[in-house]
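S.K.: First the structure, which I've put down as structure tokens, then a few questions once you've had a look.
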Amino acid sequence: MRVAMIGTGYVGLVSGACFAEFGFDVACVDKDAGKIERLKQGEIPIYEPGLETLVASNVKAGRLSFGTDLKSAVAKADAVFIAVGTPSRRGDGHADLSYVYAAAKEIAEALDGYTVVVTKSTVPVGTGREVERIIRETRPDAEFDVASNPEFLREGAAIGDFMRPDRVVIGAESERAQSVMRDLYRPLFLIETPIVMTSLETSELIKYAANTFLATKITFINEIADLCEKLGADVHDVAKGIGLDGRIGRKFLHPGPGYGGSCFPKDTLALVRTAQETGSPLRIVETVVDINARRKEQMAEKIVDFCGGSVQGKTIAVLGVTFKPNTDDMRDAPSLVIIPALQAAGAAIRAFDPAGMHEAQKLLPGVTWCEGAYDAMQDADAVAILTEWNEFRGLSVDRMKQRLKQPVMIDLRNIYEPEEMAQAGFRYVCVGRPG
Ligand code: UGA
Numbered sequence: 116m117r118v119a120m121i122g123t124g125y126v127g128l129v130s131g132a133c134f135a136e137f138g139f140d141v142a143c144v145d146k147d148a149g150k151i152e153r154l155k156q157g158e159i160p161i162y163e164p165g166l167e168t169l170v171a172s173n174v175k176a177g178r179l180s181f182g183t184d185l186k187s188a189v190a191k192a193d194a195v196f197i198a199v200g201t202p203s204r205r206g207d208g209h210a211d212l213s214y215v216y217a218a219a220k221e222i223a224e225a226l227d228g229y230t231v232v233v234t235k236s237t238v239p240v241g242t243g244r245e246v247e248r249i250i251r252e253t254r255p256d257a258e259f260d261v262a263s264n265p266e267f268l269r270e271g272a273a274i275g276d277f278m279r280p281d282r283v284v285i286g287a288e289s290e291r292a293q294s295v296m297r298d299l300y301r302p303l304f305l306i307e308t309p310i311v312m313t314s315l316e317t318s319e320l321i322k323y324a325a326n327t328f329l330a331t332k333i334t335f336i337n338e339i340a341d342l343c344e345k346l347g348a349d350v351h352d353v354a355k356g357i358g359l360d361g362r363i364g365r366k367f368l369h370p371g372p373g374y375g376g377s378c379f380p381k382d383t384l385a386l387v388r389t390a391q392e393t394g395s396p397l398r399i400v401e402t403v404v405d406i407n408a409r410r411k412e413q414m415a416e417k418i419v420d421f422c423g424g425s426v427q428g429k430t431i432a433v434l435g436v437t438f439k440p441n442t443d444d445m446r447d448a449p450s451l452v453i454i455p456a457l458q459a460a461g462a463a464i465r466a467f468d469p470a471g472m473h474e475a476q477k478l479l480p481g482v483t484w485c486e487g488a489y490d491a492m493q494d495a496d497a498v499a500i501l502t503e504w505n506e507f508r509g510l511s512v513d514r515m516k517q518r519l520k521q522p523v524m525i526d527l528r529n530i531y532e533p534e535e536m537a538q539a540g541f542r543y544v545c546v547g548r549p550g
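In case it helps, my numbering puts the sequence shown at residues 116 to 550.
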């Protein structure tokens, strides 16, 4: 089985490397010649635990290659995956499909023999059908089927998620396409991974429904956390108490500064727009989008309040700026709202992040970037934890106290225990737990 992966972004690179690990021949293609050159040298453009080793071993085994020549990769392939970017279009919140459609046209010109063209990027319902139309129009003689195969991997846990998924969703309508797609995931049969085989439209919608449901779950627990603060209840126990009910489930009930990243904000917005336009609005998701946007501002207000109502002339140490740990991704990170709001309120920011600072420097002007967590706390009036990196979980309270002007912590990821922090002499606040 030969695979061509068009696009070496997050999804393309991880999926390409994992399919190669399954034993298939994978050619990863990208228009960005510089990126391909760096990948050939073994340089991985994203921070993802385990990816560098996986890429290196599969390149060495001759199963994984990188290039800019889409034509030859597609001509040889049994399955061509479209994994190009689908950013939010400016203005209307819809996904921008121009890269997907451009790829479809190029693929059409290169098809040689029966091929399944698969959309791997998150694409709105109807995109697969349009890809099919474009290919048919460009190459009426081509032998092909279009399939949808959304990816559910999480950044920071991408390889494990690909290799041991809860399920694989495939939208494929002809028996021939279904059989090629099944063969691609045959290595997962051993671990009895359920395969959900559907139509193109259903498969595309499953991806959006999954992400919007998870975003809703997070937003729900965030609001319950706010209520806990008013009522003196503990959101961790509430999450456990409801999550043990199998119908609810324990995962994605961790409160925080609002969801971010390259997926939830974009996908919730895109589904809201699609639903509105089809006359079947998703009012719950509309509300989730609004609450989450507002939450990031509220977190800045929470920090200001805890600093006595003003941060004018104060220094705030910020630990973590990425949207979550184990990634260098800054897209829609809460820090991008919280830090500028604190600066606008007159605070100076000293920040540290284990992987995100390179990217963050371009997005957050005026921040003093520090060498480590303790360095960030030097002479600061308070420390705010924005991302739950493991290395922030076990900081020494004594060393923190030595560095900080006064022991004040705003823990927006609930990684410390309120009681222990109080005992250690900290003024401490977190999300949804009594102090
Ligand atoms: C998400 C989904 O989890 C993946 O299944 C999906 O494949 C991916 O989007 C995508 O569509 O490509 P990801 O964005 O990498 O994955 O990150 P998550 O781990 O889902 O976290 C998203 C945001 O929610 C983060 O800002 C995180 O801090 C926040 N979150 C998550 C919470 O605030 N509480 C939780 O309990 C869980």
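Here a beta-carbon is modelled for each residue, glycine too, at the ideal position from N, C-alpha and C. Quantities reported herein were computed from a predicted structural model and do not represent experimental measurements.
Could you please give me the residues that DSSP links to Gly286 through a beta bridge?
M.R.: Ser263 and Thr313
S.K.: How many Å lie between Ala499 and Ile418 at the Cα?
M.R.: So the alpha carbons of these two residues sit roughly 8 Å apart.
S.K.: If you drop the 5 nearest sequence neighbours on each side, which residues of the same chain put their C-beta closer than 7 Å to that of Ala225?
M.R.: The residues are Leu185, Lys186, Val189 and Ala190.
S.K.: Output needed for Pro265: all residues of its chain with C-beta closer than 6 Å, excluding positions within five of it in sequence on either side, in chain order.
M.R.: Same-chain partners within the cutoff: Val284 and Lys322.
S.K.: Please say whether Ala218 and Val199 have beta carbons closer to each other than 8 Å?
M.R.: yes
S.K.: Cα separation between Leu179 and Val246?
M.R.: Inter-residue distance for Leu179 and Val246 is about 26 Å (C-alpha atoms, whole angstroms).
S.K.: Would you mind sorting Thr168 into buried or exposed? The rule is 16 or more other CB atoms within 10 Å of its CB.
M.R.: exposed
S.K.: When every heavy atom of the ligand UGA is checked, does at least one fall within less than 7 Å of the C-beta of Lys439?
M.R.: At a cut-off of 7 Å, the beta-carbon of Lys439 counts as near the ligand UGA: some heavy atom of the ligand is closer than that.
S.K.: Could you check whether the Cβ of Tyr489 sits closer than 7 Å to any heavy atom belonging to the ligand UGA?
M.R.: no
S.K.: Going by DSSP, name the residue or residues bridged to Met120.
M.R.: Met120 is bridged to Cys143 and Phe196.
S.K.: Does Leu315 pass the burial test, meaning 16 or more other C-beta atoms within 10 Å, or should it be called exposed?
M.R.: buried
S.K.: Which residue marks the beginning of the beta strand (DSSP E) containing Leu179, and which one marks its end?
M.R.: First-last of the beta strand (DSSP E) with Leu179: Leu179 to Gly182.
S.K.: Start and end of the beta strand (DSSP E) containing Ala434?
M.R.: This sequence places Leu at residue 434; Ala is not what is there. Counting along the chain, the beta strand (DSSP E) containing Leu434 begins and ends at Thr430 to Leu434.
S.K.: Please confirm whether any heavy atom of the ligand UGA lies closer than 7 Å to the CB of Asp382.
M.R.: Asp382: yes, Cβ under 7 Å from the ligand UGA.
S.K.: Buried or exposed: which applies to Thr430, given that a residue is buried once 16 or more other Cβ atoms fall within 10 Å of its Cβ?
M.R.: buried
S.K.: Across which residues does DSSP place Phe438 in a beta bridge pair?
M.R.: DSSP output for Phe438 lists no bridge partner at all.
S.K.: So, Leu451 versus Leu478, is the Cβ gap smaller than 8 Å?
M.R.: yes
S.K.: Look at the alpha carbon of Glu258 and the alpha carbon of Leu128, and state the distance between them as a whole number of angstroms.
M.R.: 27 Å
S.K.: Roughly how many whole angstroms lie between the Cα atoms of Ala273 and Asn441?
M.R.: 10 Å
S.K.: Does Thr242 come out as helix, strand or coil in the three-state DSSP assignment?
M.R.: helix
S.K.: Quick one: what does DSSP say Ser425 is sitting in, helix, strand or coil?
M.R.: Of the three classes helix, strand and coil, the one that applies to Ser425 here is coil, per DSSP.
S.K.: Should Asn326 be listed as close to the ligand UGA, given that the test is whether its C-beta is under 7 Å from any heavy atom?
M.R.: yes
S.K.: Which one of Val387, Ile453 and Asp443 has the shortest CA to CA distance from Glu416?
M.R.: Ile453
S.K.: Looking only at DSSP bridge pairs, what is Ile500 linked to?
M.R.: Leu434 and Asp526
S.K.: Flag Ile333 as yes when its Cβ comes closer than 7 Å to any non-hydrogen atom of the ligand UGA, and as no otherwise.
M.R.: yes
S.K.: Is it right to say Thr183 is buried, meaning 16 or more other beta carbons lie within 10 angstroms of its own, or is it exposed?
M.R.: Residue burial is scored here from C-beta neighbours: Thr183 has fewer than 16 other C-beta atoms within 10 angstroms and is therefore classed as exposed.
S.K.: With DSSP collapsed to three states, give me the class of Phe134.
M.R.: Helix, per DSSP.
S.K.: On the criterion of 16 or more Cβ atoms from any shown chain inside 10 Å, does Gly356 qualify as buried, or is it exposed?
M.R.: exposed
S.K.: In three-state terms, what does DSSP make of Ala210?
M.R.: Of the three classes helix, strand and coil, the one that applies to Ala210 here is strand, per DSSP.
S.K.: How many Å lie between Gly540 and Met120 at the Cα?
M.R.: Rounded to whole angstroms, the gap between the alpha carbons of Gly540 and Met120 is 54 Å.
S.K.: Would you please state the rounded distance, in angstroms, between the beta carbons of Phe438 and Gly487? I believe it to be under 8 Å.
M.R.: So it is not a contact: roughly 21 Å between Cβ atoms.
S.K.: Assuming Val240 and Thr389 are in contact, meaning their beta carbons sit under 8 Å apart, how far apart are those beta carbons, in whole angstroms?
M.R.: 7 Å
S.K.: Under 8 Å, with one C-beta from each stretch per pair, do the segment 454 to 463 and the segment 421 to 429 reach the 3-pair mark?
M.R.: yes
S.K.: Quick one: residues in its chain with C-beta nearer than 6 Å to the C-beta of Gly149, no 5 flanking neighbours on either side, listed in chain order?
M.R.: Within the same chain, and ignoring the five residues on either side of Gly149 in sequence, no residue has its Cβ closer than 6 Å to its Cβ.
S.K.: How many whole angstroms separate the CB atoms of Asp260 and Leu268, which I take to be in contact at a CB cut-off of 8 Å?
M.R.: Not a contact, Cβ separation roughly 24 Å.
S.K.: Between which two residues does the alpha helix (DSSP H) harbouring Ala475 extend?
M.R.: Met472 to Leu478
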